[in-house]
Amino acid sequence: MCAAPSGRRTRPSVTGSVIHVGCQLSSRVLERGPSSESVRKVRRALEDCRMTVSEFNNLVALYRELVISIGETATDCASVRGEMCRTRTGACETALAAHHSLSLIPGPEDGGIPLDICRLFIQLQCCLEMFITEMLKAACLLSSLQLYRRGCEDMELKVEIKADESSDTPILQESSSSPTEGSQRGWLVGVDIKNTERDMKQMRNLLSKLRETMPSPLKNQDDSSLLNLAPQPLIRPRKSRILRFCCPARSLHPEL
């Protein structure tokens, strides 16, 4: 420790084990470059990759919110499905661009991997895994809503047939949706499910390619070491609805 001008002693700064993605390369790494032009090239490539990965993270978070909204409302909304399709397409394109920009970052000649590049690899891998999971949820939710709608349409058809058989007077009321509209809506949902499964397969292939091109120091690390390198998540965790029932359940059952 050294004495400060005011007479107080300054303490050495202590850095945490987790650093935000996008911090600059260390001076030791930058000094290894042959010229200032190569240093600027690395910085530009790193900044572009960081912005692309951050944009992909935001798109995955938005897609996750849309999937949750479908699960909460349990209804088929064409506008929500359209927004999901646009967000999913943009996220896939951004993920491909992030992987491409990450592959363009030149590594040091001595084989060492800067911490910033390691964090970008890990963040892109985590975002891809979450994106694939959310697409799987979306496909399952859309399939369940499609089956539920078919069941309701069959039930309404049976009720109308029984009403026609029991009454002699014709029914003049028109149904809210014609069979043609219902079949067209079901066809659109089926197309969305197929497109989601197609994009999910593409992202799985990209994730496999990312793991293959990942630097060897990251491949040899266990999960606990990777957690120390993982950046702080940009997606805010949602509060579980189960917590609302904790207090009444404990009041009814004190032994819980």
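Count the sequence shown with this note's numbering and you get residues 257 to 512, in order. The beta-carbon is built from N, C-alpha and C at its ideal position, and this holds for glycine as well.
Residue range of the alpha helix (DSSP H) that includes residue i
{"i": "residue 326", "result": "292 to 329"}
{"i": "residue 352", "result": "334 to 359"}
Counted within 10 angstroms of its Cβ, other Cβ atoms place residue i as buried (16 or more) or exposed
{"i": "residue 333", "result": "exposed"}
{"i": "residue 467", "result": "exposed"}
{"i": "residue 329", "result": "exposed"}
{"i": "residue 366", "result": "Its pLDDT being 48, under 50, residue 366 is placed unreliably in this model, and the value from its coordinates should be taken loosely. Residue 366 should be labelled exposed."}
{"i": "residue 479", "result": "Residue placement at residue 479 is poorly supported in this model, since its pLDDT is 47, which falls under 50; the coordinates are not used for a value here."}
{"i": "residue 391", "result": "buried"}
{"i": "residue 274", "result": "Since pLDDT at residue 274 reaches only 33, below the 50 mark, its modelled position is unreliable, and no value is offered."}
{"i": "residue 378", "result": "buried"}
{"i": "residue 452", "result": "buried"}
C-alpha gap between residue i and residue j, whole angstroms
{"i": "residue 374", "j": "residue 393", "result": "29 Å"}
{"i": "residue 465", "j": "residue 352", "result": "11 Å"}
{"i": "residue 323", "j": "residue 371", "result": "34 Å"}
{"i": "residue 303", "j": "residue 309", "result": "10 Å"}
{"i": "residue 458", "j": "residue 326", "result": "23 Å"}
{"i": "residue 445", "j": "residue 381", "result": "29 Å"}
{"i": "residue 311", "j": "residue 297", "result": "21 Å"}
{"i": "residue 320", "j": "residue 472", "result": "31 Å"}
{"i": "residue 358", "j": "residue 316", "result": "18 Å"}
{"i": "residue 350", "j": "residue 387", "result": "12 Å"}
{"i": "residue 397", "j": "residue 460", "result": "20 Å"}
{"i": "residue 449", "j": "residue 295", "result": "46 Å"}
{"i": "residue 337", "j": "residue 456", "result": "16 Å"}
{"i": "residue 301", "j": "residue 344", "result": "25 Å"}
{"i": "residue 395", "j": "residue 361", "result": "35 Å"}
{"i": "residue 307", "j": "residue 354", "result": "9 Å"}
{"i": "residue 474", "j": "residue 314", "result": "25 Å"}
{"i": "residue 299", "j": "residue 318", "result": "29 Å"}
{"i": "residue 376", "j": "residue 347", "result": "17 Å"}
{"i": "residue 385", "j": "residue 462", "result": "10 Å"}
{"i": "residue 292", "j": "residue 305", "result": "20 Å"}
{"i": "residue 442", "j": "residue 401", "result": "10 Å"}
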